[in-house]
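Everything in the sequence shown is counted per the numbering used here, starting at 70 for the first residue and increasing by one.
Structure record follows, encoded as C-alpha cells.
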Amino acid sequence: MSTRAIGWAWVAAQFAALAVLLLLPWRTPSLVSIVLGAVVAMAGVLLGLATSRALGSAFTPTPVPIRGAGLRMTGVYARVRHPMYGAVLLIVLGLLIAAGSPWGWAWGVALVVFFVLKSRWEDSLLHTAHGSEWEAWANRTGALVPRRMPPRTKPGA
Numbered sequence: 070m071s072t073r074a075i076g077w078a079w080v081a082a083q084f085a086a087l088a089v090l091l092l093l094p095w096r097t098p099s100l101v102s103i104v105l106g107a108v109v110a111m112a113g114v115l116l117g118l119a120t121s122r123a124l125g126s127a128f129t130p131t132p133v134p135i136r137g138a139g140l141r142m143t144g145v146y147a148r149v150r151h152p153m154y155g156a157v158l159l160i161v162l163g164l165l166i167a168a169g170s171p172w173g174w175a176w177g178v179a180l181v182v183f184f185v186l187k188s189r190w191e192d193s194l195l196h197t198a199h200g201s202e203w204e205a206w207a208n209r210t211g212a213l214v215p216r217r218m219p220p221r222t223k224p225g226a
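Following this line, the structure appears as C-alpha cells:
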C-alpha cells in the first residue's frame with residue numbers, strides 16, 4: 070500500500086472513530102458542564118484555526134507531508150509538532166466534559182491512543198523528509214502537548 074493510501078486510511082479511521090464517539094450514549098448535561106465543555110471545545114477550534122493558518126498552502130487532510138513544503142517550526146509549531154491533533158482532542162474533551170458518558174470517556178481515551186499512533190507515523194514521514202532538522206525540532210517540542218521543561222541532554226554531550 071502506498072504512503073498516500075495509508076495517509077487516507079488514517080483519515081478514514083479518524084472520521085470513523087469520531088463518528089463512533091457521536092453515536093455513543095450521552096448523559097444529560099448540567100449548565101456548568103455545558104459551559105466548561107464549550108470553553109474547552111472553543112479552545113480546540115481556535116487551536117485548529119491557528120494551525121490551519123500556520124500551515125497555509127501546506128495544509129493537507131492527510132498526515133502525509135506535501136513535498137517541498139518545508140518544516141513548520143514557528144508559531145504554534147514552535148510548541149507542539151501536531152497541533153491539529155491536539156485541536157481535535159480538545160474539541161472531543163469539550164464534548165465529553167459537557168455530556169460524556171462513561172462509554173464516551175473510554176472512547177476518548179481510545180482517541181488519544183489513536184492520535185499518538187497517527188502522530189508517530191507522521192513523525193516518521195517528517196523525519197525521512199527533513200532528517201536532522203526534524204530531529205532538532207522534535208527534541209525541543211512535544212508531539213501533542215507542549216513540553217514544560219527543555220529536554221534533558223545526554224551525559225557527555
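Even glycine gets a Cβ: it sits at the ideal position worked out from N, Cα and C.
Please read all numbers here as calculations on a predicted model, not as lab measurements.
| Asked | Found |
| --- | --- |
| Neighbour-count burial assignment, A238, 16 or more Cβ in a 10 Å radius | Since the first residue of the chain shown is 70 and the last is 226, residue 238 is not available in this structure. |
| Those residues which DSSP pairs with V149 across a bridge | G211 |
| C-alpha gap between R216 and R209, whole angstroms | 8 angstroms |
| Any 3 or more C-beta pairs closer than 8 angstroms across the stretch 131–139 and the stretch 165–181 | no |
| G169 (DSSP reduced to helix, strand or coil) | strand |
| For W95, the residue or residues it bridges with in DSSP | G169 |
| Straight-line Cα distance separating A78 from A88 | 15 angstroms |
| Run of the alpha helix (DSSP H) containing M111, from where it starts to where it stops | 100–124 |
| Status (buried if at least 16 other CB within 10 Å, exposed otherwise) for E191 | buried |
| Local conformation of V185 per DSSP, three classes | helix |
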